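Q: Chains as they are written, first to last, in the working numbering: chain X, 170 to 1409; chain F, 438 to 733.
The C-beta atom is built at its ideal place from N, Cα and C for all residues, glycine as well.
Nothing here was measured: the structure is a model prediction, and the numbers come from that model.
Questions regarding the structure given below will be posed in turn.
Spelled out as structure tokens, the structure:
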């Protein structure tokens, strides 16, 4: 029973669709089968017999997927290999292995332990990350799907249990668990809709269709005895091809991509489908396609490598010096040192073979001075970055309550790069805009309806209101808060409201404050049309037709809503959804679609009840990006045949009939208005058809439909073309592509922070420009430089061109573009007005020329000079190319942000890729380095976290080099006093602890918690961000300064200690200092000096920092105490050294004090000097905050806040300023004319 | 400023402490060569039959309070050479049970087929000059006990470890040890085994536990046994008192005064500059966007 009922419900879309669903019958004969011989076509799938695939020859991988790098067995070798690909680690490994030989200056454990610690920690991090991936895999693997268990019974099973040959039933809105062969669907003709967003980023639905022969398999029981064999290609990464044969009922049928449902795509608008599993797990196309995202390294780390190379050079140099010194000493002096028994030596100290000894000593020295290379640097940085990433992830202010998505740092090693971004390349749809359409305005019969302002208009009005505010003090006596202009977006709510009220009261008085319509996709408001009032309009008939087109011309499917009795529309694009919502609100509710008809409930004000009308759909010529229009041919209840068409204005206007152009002028004007208001427009038109005309065309159309071969599409298009002409224009719709929350504000702030923002969109130029206006990237008065190939393009597209001519035009296009670019550059150069701003707008086709090698530098030069750059109609590949151009051309850090799979290339190419974890699939997020829920969080991510992380890491790295130089060089100096023999003055265990415990925690706390200014201040003073891109904290000046500081500290520590402990008794007991005492004191001084230096460097103290800094010093004493108490065999000469020898000696403590102070004196002087006479921005702000001046002197505080931005030419605030200038200009003119008048 | 306030007094105190110390230094390695051996010191020192005794006279410049420490100072002696430093075995020194463990002692690990106790180059090259003091022909006793660290005596050098097979090899290094006394009592060895950090070093020889008046003369009879001639090292005999800060070394005080003075000077400089060209803390006009009106 149920089955029959369902079948009746099924639709045969193939009868409706024109282009996508034609099933060329001929191909299904045996002759059409692909001949699958040879390599690459070995796969055989026995449908519904998964057991067959458990044994060898046909055993394919299971559907278990794993994206982990390691497994339990491979983890150790692989991870260790990864670790030792770092040069520094390799060096330490070598040193550690040499430490087992007598060459070493240290005991083996003191070499191996830190290395093991560091490598172990890194590996633990790897393991943790891999574990997370594993958990994610497990989540996917344990998803359930309905699977045929035999005898027509279906049951749920985990994805990972699926095997090749299984028959699965996938229900609506589920993902396909593997690559499937579509057998049948809930639609009678085996059509199903698939959303492939995760594969290619396209949001529109794609149609897949099953083979004719498998259509009867429409129910669970049909699969009881279903058998079939598929022979097909081997797994490959090509998403758009599939070659295979299907053997069923002793017949062979050819398979092509349109029967294949790919893993990770989603079933939409279709109740369920049955399919046979062909490729499982890693064989599936999407898994084959997954590329490893390129590993990115941040700038600081790259620079760090240079510093490490410098240190290596230094290391080799001083090793060389000491080994030469050693060789000389050994050769000339050691024979005299009888106490060394020079005659009984091995090669290490052989005075007769100084060269050999020297060589061995070189190795020793390389190990000895290894303390110059901070072994724990990498690991500390990693730890710090992971913790920083945790802070980013936990930031409540970047948590999106709607979707429940927090910000997520997916790769932690780019945190500091966030603070150095120079250019942001942004996707538009889904990133700047919501991809949610709102029907806002329309123009019918030359009359524009709709009073609700678009966001662009609101923004513009606000701006004018702000202008008034600013100008008021000059003109009138009204007391106004002058500060408010820049505070539109501030936390201060009253200001916004004030201006908003002003705007709405003054400019659009008709609308109240709140939009009462909370209907998705519909924000239209106009009493002339609403509530059936349209009947009273002069052009009621046209309006009726307009509404009908809205309700009829689409491919959506209605779905009854249980609760309200209304309908949900499953539309291919959000525009269509908006149209249907609009039609419904106007009283034309689309309620049912059958095989041949569309039913509409029309509600007229005259009659209270809705009337259900049936329109027979004769043909449907659907939308494609090439055609830019769609039409339906319907027969209404009166038998009248109508062609209803909607499409882009340029396309429709050229197809209008002579008598259909009545409203063209008005409509065009309205279209321009809408365009300026940032709305997306479509033009609606219709055509009445005679029966005879239609049937003549239809037969031709049918012929075209059934043609086989490659020319079919072209033929169909041509036939469709024949019909879609002589149209009569009705009007136009305007749909608002809503900006995401907070986007203009965010762009404004980012612009103030000195960032350049480029928009790369696949949309058409007009829409892109509209959005540019909406986001304040463009404004009136900005000089727009549009570079396009439009004029030349027309020439080139003439079909009769010969090849030669084509080449010539190609050349011509190139020259043309080059000329445009040069002209524009000239224009910018000649521009005198400092406030003049330029915007560059370029389309994809032109871009493809501009990105060629010979032109790209000019193009880049032009683009860099422009305040904003908008590239439209760009392909994903071009997005990536533009990103690369900017990255490589300017050498600055780029950030790409996007949400769809089409942004993946760009995200991977940019220095930092940010994915929006919003509505569209996860592809962009998976490829990204950071994911945020909304564009507006980018501000906080960059300006707060980026700024902090950059400073933290920069200071941390500098400090690392400082402390290791300070420590490492003392070893070298001591060398010179031991005849370069390679003896170190410190106990091995001190050195072991130095990097790993005694100095690492404070620097980590610096890296994690340091804040120069609080997050609010960062946001209020976006100019502070510029410290990052200008690299103020990690330039060579600073690095070398730190290194010099290290050098100075090492000299002070070593020589002061040496002279203090020179030869006299160092305490009242008369004992002289031995090596252990001197070494321990020296080491104490180092610990004190570097930790105090750290304390001076920090500007933000919490108890954690105090604990770590002073705790580290405390730990040293505790260690010394414990070490001294351990067995003398273990501690050697350090036995009881603190208790017995050093602690009772005042000289030990006073030397520590003296040396610590002396070491930090230069830095202290430097910062006091800098603070007193040349303070940096954050210093001043710290002081202001410290003295609570911001509370006391609010006026100053807001004034400074408003000034604290980079000069920029985009963004909202600039718009306001431009207006103000205009205004002032006018005023002065007025004054001057006035004075002239009075004068005369 | 604060630093200078703290540092200058410390500097003064250290300097005073250092100045209070009375120190007598006598270099004797050239003077103790008999005239007939001049120019051939090496053969003198290596000739076991030559008379090494030598007498010196020291004048006490100021009153010296007891205890007066007696040091010997060697120069150009690389006790910190890696080969030297490592050439010992702490296990063996600690307990008689480990007499056989001589690892690291090469080449002074075994002699005549049996292990040397104490082994290694350090022990082997033990300093062997001896000093005898007399004041007004009355012998001054030099107390040589208690000159090493207590922990060394108690824990590191075992009281059941007796020198064995020591200085029995073909090469004779330094002093011979009394095989009947345990190592823990042989404090000169214990002191010597604490290797010095620099090639110039002093080591404690003993203590004179009587006060010495100013201008009294002490005659020293010394045995000049130790060979520093092959490497041109000096030998000095040092008598010194100590204060709370230890022996005579002005440097610490001077350094404190310098750093303190520097701080003082810097602080003054800052104050002066601040008075001349004051900057109010938190003055917003120093913000970068205020300083360069054109922006960046």
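Quick one: which residues of the segment 512–527 of chain F get their C-beta closer than 7 Å to a C-beta of chain X? List them in chain order.
A: 515, 517, 518, 519, 520, 521, 522 and 527
Q: Per DSSP, residue 494 of chain F is paired with what?
A: F/656
Q: For residue 670 of chain X, is the classification buried or exposed, using 16 other Cβ atoms within 10 angstroms of its Cβ as the cut-off for buried?
A: Its pLDDT being 37, under 50, residue 670 of chain X is placed unreliably in this model, and the coordinates cannot settle the point.
Q: For the beta strand (DSSP E) containing residue 586 of chain X, name the first residue and the last one.
A: Element bounds for residue 586 of chain X: n/a, residue is neither H nor E.
Q: How big is the Cα-Cα spacing for residue 993 of chain X and residue 554 of chain X?
A: 44 Å
Q: So which residues of chain X does residue 550 of chain F contact, with C-beta pairs closer than 8 Å?
A: What residue 550 of chain F touches in chain X: nothing, since even the nearest Cβ is about 16 Å away.
Q: Go ahead and label residue 650 of chain X buried or exposed: buried means 16 or more other beta carbons lie within 10 angstroms of its beta carbon, across all protein chains shown.
A: Low local confidence applies: a pLDDT of 35 at residue 650 of chain X is under 50, so the model's placement there is unreliable, with the coordinate-based value given in what follows. With fewer than 16 other Cβ atoms within 10 Å, it is exposed.
Q: Below 8 Å on C-beta distance, what does residue 696 of chain F contact in chain X?
A: 1323, 1326, 1327 and 1330
Q: Based on DSSP bridge pairs, tell me the residues matched to residue 1037 of chain X.
A: Its beta-bridge partners are X/1008.
Q: Would a check of beta-carbon distances place residue 1154 of chain X closer than 8 Å to chain F?
A: yes
Q: May I ask which residues mark the beginning and end of the beta strand (DSSP E) holding residue 443 of chain X?
A: 441–448
Q: For residue 903 of chain X, which residues in the same chain have their Cβ closer than 6 Å to its Cβ, ignoring the five residues on either side in sequence?
A: 609, 610, 843, 848 and 850
Q: Helix, strand or coil: which one does DSSP assign to residue 463 of chain F?
A: Collapsing the DSSP output to three states places residue 463 of chain F in a strand.
Q: Mind reading off the beta-carbon distance from residue 1020 of chain X to residue 987 of chain X? Whole number of angstroms is fine, and I expect it under 8 Å.
A: That pair is no contact at about 13 Å.
Q: Leaving out five residues on either side along the sequence, give the residues of the same chain with a beta carbon under 7 Å from the beta carbon of residue 866 of chain X.
A: 891 and 892
Q: Does any C-beta atom of chain X lie closer than 8 Å to the C-beta of residue 664 of chain F?
A: yes
Q: Classify residue 568 of chain X as helix, strand or coil using the three-state DSSP reduction.
A: For residue 568 of chain X, the secondary structure class from DSSP, reduced to helix, strand or coil, is coil.
Q: Within the 8 Å Cβ cut-off, does residue 580 of chain F reach chain X?
A: no
Q: Which word fits residue 1272 of chain X, buried or exposed, when buried means at least 16 other C-beta atoms lie within 10 angstroms of its C-beta?
A: exposed
Q: Whose CA, out of X/305, X/580, X/240 and X/411, lies closest to the CA of residue 1081 of chain X?
A: X/580
Q: Please list the residues of the segment 497–509 of chain X that have a C-beta atom closer than 8 Å to any C-beta atom in chain F, keeping them in chain order.
A: Taking 8 Å as the cut-off between beta carbons, the residues of the segment 497–509 of chain X near chain F are 502, 505, 506, 507, 508 and 509, in sequence order.
Q: Give the residues of chain F in contact with residue 535 of chain X, contact being defined as C-beta atoms less than 8 Å apart.
A: None at all; the shortest Cβ gap to chain F is about 15 Å.
Q: Can you name the residues of chain F whose CB is closer than 7 Å to the CB of residue 1225 of chain X?
A: 692
Q: So if I threshold CB-CB distances at 8 Å, which residues from the segment 1288–1313 of chain X count as touching chain F?
A: If the cut-off is 8 Å between Cβ atoms, the segment 1288–1313 of chain X has 1297, 1298, 1301, 1302, 1304, 1305, 1309 and 1310 near chain F.
Q: Can you name the start and end residues of the alpha helix (DSSP H) that residue 1262 of chain X belongs to?
A: 1244–1266
Q: Just to make sure I have the definition right: I need the residues of chain X whose C-beta is within less than 7 Å of the C-beta of residue 810 of chain F. Which are they?
A: Here chain F has residues from 438 to 733 only, and residue 810 of chain F is not among them.
Q: For a contact meaning CB atoms closer than 7 Å, what does residue 557 of chain F contact in chain X?
A: Within 7 Å Cβ-Cβ: nothing; residue 557 of chain F doesn't reach chain X, min ~11 Å.
Q: Please determine, among X/418, X/380 and X/447, the residue with the shortest C-alpha to C-alpha distance to residue 405 of chain X.
A: X/447
Q: What is the C-beta distance between residue 927 of chain X and residue 594 of chain X, in whole angstroms, given that I count them as a contact (C-beta under 8 Å)?
A: Their Cβ separation, rounded to whole angstroms, is 5 Å, which keeps residue 927 of chain X and residue 594 of chain X in contact under 8 Å.
Q: If you count every other CB in all the chains shown that lies within 10 Å of the CB of residue 816 of chain X, and 16 or more means buried, which is it?
A: buried
Q: From what residue to what residue does the beta strand (DSSP E) around residue 432 of chain X run?
A: No beta strand (DSSP E) holds residue 432 of chain X; DSSP gives it neither H nor E.
Q: Closest to residue 914 of chain X by C-alpha separation, out of X/378, X/1296 and X/1106, would be which residue?
A: When each option's Cα is compared against that of residue 914 of chain X, the closest is X/1106.
Q: Considering only the alpha carbon of each residue, which of X/765, X/578 and X/1321 lies closest to residue 785 of chain X?
A: Measuring from the Cα of residue 785 of chain X, the nearest candidate turns out to be X/765.
Q: Is it buried or exposed, residue 566 of chain X, if we count other Cβ atoms within 10 angstroms and call 16 or more buried?
A: exposed
Q: Under a three-way DSSP split, which group does residue 927 of chain X fall into?
A: DSSP places residue 927 of chain X in strand when its eight states are reduced to three.
Q: When the Cα of residue 1236 of chain X is compared with those of F/580, F/710, F/678 and F/522, which residue comes out closest?
A: F/678
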